[in-house]
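Enquirer:
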Amino acid sequence: MTRTPQRPAACLFDLDGLLLDTEPLQGRAWQEAARQFGAELSPGQLRALRGRRRLDCAAEVLRVLPDGISVEDLLAVREPIAARLLPQAPAMPGARHLVERCRDLAIPTALATSSAAAAVAIKAAPHPWLDLITLRVMGDDPELLKGKPAPDIFQIALERLGVEAPGAWAFEDSVAGSQAAHAAGCRVLVLAPPDADRAAYPAGVVWLTSLREIDLG
3 MTRTPQRPAA CLFDLDGLLL DTEPLQGRAW QEAARQFGAE LSPGQLRALR GRRRLDCAAE
63 VLRVLPDGIS VEDLLAVREP IAARLLPQAP AMPGARHLVE RCRDLAIPTA LATSSAAAAV
123 AIKAAPHPWL DLITLRVMGD DPELLKGKPA PDIFQIALER LGVEAPGAWA FEDSVAGSQA
183 AHAAGCRVLV LAPPDADRAA YPAGVVWLTS LREIDLG
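Residues in the sequence shown are numbered consecutively from 3, following the working numbering.
If you want it as structure tokens, here you go:
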């Protein structure tokens, strides 16, 4: 168990790859869309998309597509694929228990996800326990000017919770998300994917192999 030295003032959660095992499905949706335009995304290119907003991901994918294809063209193909795949995503081991434990201990929580509200609704629908996280800062939040790895999304969540960054625990999996949480001043706990390049993550993060390791007391 990873026991916290003291209970956090708040827990801030990423969604994709942290609470829900969506990353393989997200990557598959981008890959299938790219293939329809005659391109193939490498494993490294797919990893680079993790934790980032949809429009930021689309801009990256456009780099490998033939000229003349717009973001709108790409998303028109990709979004129906994602909408079909993402409801299949299971909860990550220990995710539900951790969120419920925060409720039981009256620890404030927030979702800080690069996914847009419509995508969150699709992914969360099979998992009603996610409704326990009532504060949600999502990728299309009107106050969010820059997506991860910029710290904005965590700064907004902290402000809305009324919590100072040093007392908050941010749970992440991606490099971009970890960089964002670290830049916001949070303590960062990383559920690293098996293929993670740990050298790319900020120094001082707490490494997890499962959310089941967290013991809030």
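Virtual Cβ for every residue (Gly too), placed ideally from N, Cα, C.
Check whether the segment 151 to 165 and the segment 177 to 186 touch, using three or more Cβ-Cβ pairs below 8 Å as the test.
Expert: yes
Enquirer: Buried or exposed: L134, going by 16 or more other Cβ atoms within 10 Å of its Cβ?
Expert: exposed
Enquirer: With a Cβ-Cβ cutoff of 8 Å, do P195 and G19 count as a contact?
Expert: yes
Enquirer: Under DSSP, the alpha helix (DSSP H) around C188 begins and ends at which residues?
Expert: Premise fails: C188 is in no alpha helix (DSSP H) and is neither H nor E.
Enquirer: Would you tell me roughly how many angstroms separate the C-alpha atoms of D199 and L27, rounded to the nearest one?
Expert: As the crow flies, the alpha-carbon of D199 is around 20 Å from that of L27.
Enquirer: Can at least three beta-carbon pairs, one atom from the segment 125 to 132 and one from the segment 162 to 178, be found at a separation below 8 Å?
Expert: The segment 125 to 132 and the segment 162 to 178 do not touch, with fewer than 3 CB-CB distances between them shorter than 8 Å.
Enquirer: Ends of the alpha helix (DSSP H) at L134?
Expert: The continuous stretches of alpha helix (DSSP H) do not include L134, and DSSP gives it neither H nor E.
Enquirer: Could you tell me the boundaries of the beta strand (DSSP E) in which F15 lies?
Expert: 12 to 15
Enquirer: Please work out which residues of its chain come closer than 8 Å, Cβ to Cβ, to D61, disregarding the five sequence neighbours upstream and downstream, and give them in chain order.
Expert: It should be noted that the sequence gives Ala, not Asp, for residue 61. Here the set comprises V73.
Enquirer: Ignore the nearest five residues each way along the sequence and tell me which others in V79's own chain have a CB closer than 7 Å to its CB.
Expert: Here the set comprises A35, Q38.
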